[in-house]
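Participant: Per the numbering used here, residue 3 is the first one in the sequence shown, and the count goes up by one each step.
The C-beta atom is built at its ideal place from N, Cα and C for all residues, glycine as well.
Because the structure is a prediction, the values reported are computed rather than measured.
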Amino acid sequence: MTRPVPDAFAAADILAARLSTPTAGHTTGRRQPQSLGGGAAGIALLHIERARAGHGDPATAHAWMSVAARDALSAGPNATLYFGTPALAFVTHAAADRPEKYARALADLDAHVVTLTRRRLAAAHARLDRGEPPPLAEFDLIRGLAGLGSYHLHRHPDHAVTSDVLAYLVRLTKPIAGRDDELPGWWTEVSPNGAESPDFPGGHGNHGMSHGIAAPLALLSLALRHEVAVPGHTDAIARICGWLDAWQQDHPAGVWWPGYLTREQVRHGRLDPSRRHRPSWCYGTPGVARALQLAGLATGDTARQRTAEAAMLGCLRDPGQLDRLTDTGLCHGTAGVLQTACRMAADAATPDLAAELPDLTARLLTQLPDEIDDPEFLDGATGVALALHTAGTGTGPLSGWDACLLLA
């Protein structure tokens, strides 16, 4: 727990009220209803969290869930934690504040998500058997098995499919058999947008929480903290941490990690300081620092934990870094840094991070326009309201909504 910030809670109330009634404007265009990132499913999370905290109407949450489920749910190749059947399963699990609530719906959704996950695992292992590098969408949080694994860990940690995802991630961290370079097993031959590009000859190694190896690290660490482990589990954590240690960059304001590496940077063993990403959840130091803090907590490595917390503290105390946050949203804006900071502060070895939360919250409040046109979860008003709700209550989310960010 951290100290509540009353102004944050009041602002969350206002934003939630503006999103209280499902309308066509919130569910058209790219904001498909069954999308967690940009549709009704994501907006439902806000009202679920508020209802579970006693500050919202469960009927409002149910109304948004109904919109999210109004179309045939995808369980095909485009289904991910952020879209289709897994997204609705995540939202429904978040809303189930007692075992019998939504039990029948969850049982049906789980059957589809388990089948989907096993299909993805079979394809991933076949790719590994061929000795080929992975596509980002195989293992990342937004589209891949790290995201599906987060759902399974929180929904049914003792299920075999949860262990199967973790076992795959262990295998992912090993060098690909037959390769004569020193690149890690998660190195991909494409650019960060998932496509081949002449700007990324030889591909790249992605460190971000949204699309990179920070998500598998966070999931493996969270599982270990929940006493869910598979053979090679701690070795996999150590391999990822070792790679990130090798690319840790020093700075007067605090250490940082690049969002990704190119083949040329690895070849030369150095990095231009200008490659430092803004301090975001998706690619910047905050997301990587949370993954490393979780790794330290899971393995009892207090030195790693303190390094991660100091890196986050450096971001929060560096005006030059914070001024690069020109967006308000969860993905690459101030709300994402705030939610990450709240989670890190609650687990931190010292009160220093918690002491920075009021100023960070005030920064976000000053950034808010009178109206936020975008209602969505990742980039819009819903995500901002959820982060402000966390800061305003001073407690971790009761619904576990930020498990889809792998912050918990």
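(1) Report yes or no: do three or more beta-carbon pairs, one from the stretch 261-273 and one from the stretch 315-322, lie closer than 8 Å?
(2) Helix, strand or coil for tyrosine 170? Go by DSSP, reduced to three states.
(3) In this structure, does DSSP put histidine 95 in helix, strand or coil?
(4) Please report the straight-line C-alpha distance between cysteine 243 and proline 200, rounded to a whole angstrom.
(5) Mark alanine 26 as exposed unless 16 or more other C-beta atoms lie within 10 angstroms of its C-beta, in which case mark it buried.
(6) Along the alpha helix (DSSP H) that carries threonine 264, what are the first and last residues, could you check?
(7) Helix, strand or coil: which one does DSSP assign to proline 37?
(8) Quick one, are the C-beta atoms of glycine 338 and proline 288 less than 9 Å apart?
(9) Taking the alpha carbon of proline 60 as the point to measure from, which residue in Gly151, Ser22, Asp131, His161 has its own alpha carbon closest?
(10) My output table needs one value for glycine 1: the three-state DSSP class, helix, strand or coil.
(11) What did DSSP end up calling glutamine 250 once you bin it into helix, strand or coil?
(12) Go through its chain and collect everything with a Cβ distance to arginine 32's Cβ below 6 Å, but skip five positions before and after it.
(13) In the DSSP output, which residue or residues are listed as bridge partners for asparagine 80?
(14) Going straight from the alpha carbon of tyrosine 153 to that of threonine 352, what length do you get?
(15) Given glutamine 251, which residues of its chain have a CB within under 8 Å of its CB, disregarding the five upstream and five downstream residues?
(16) Going by beta carbon distance, what residues of the same chain come within less than 8 Å of threonine 29, once the five residues before and after it are set aside?
(17) Let me know if threonine 175 comes out buried or exposed under the rule of 16 or more other beta-carbons within 10 Å of its beta-carbon.
Facilitator: Concretely, from the data shown:
(1) no
(2) helix
(3) helix
(4) 29 Å
(5) Its pLDDT being 48, under 50, alanine 26 is placed unreliably by the model, and the measurement read from it follows with that caveat. Flag for alanine 26 reads exposed.
(6) Element bounds for threonine 264: not the alpha helix (DSSP H) but the beta strand (DSSP E), 262-264.
(7) It should be pointed out that residue 37 corresponds to serine in this sequence rather than to proline. Three-state DSSP puts serine 37 in a strand.
(8) yes
(9) Ser22
(10) This structure cannot settle anything about residue 1, because the visible part of the chain is limited to 3 through 410.
(11) coil
(12) Residue placement at arginine 32 is flagged as unreliable, the pLDDT there being 46, under the threshold of 50; the coordinate-derived value follows with that caveat. Here the set comprises Gly40.
(13) Answer is none; asparagine 80 lacks a bridge partner.
(14) 30 Å
(15) Val257, Trp258, Trp259, Pro260, Leu273, Pro275, Arg278
(16) Summary for threonine 29: the model assigns pLDDT 46, below 50, so the residue's position carries little reliability; its value from the coordinates is reported in the next sentence. Taken in chain order, the residues that qualify are Pro35, Gly41, Ala42, Val69.
(17) buried
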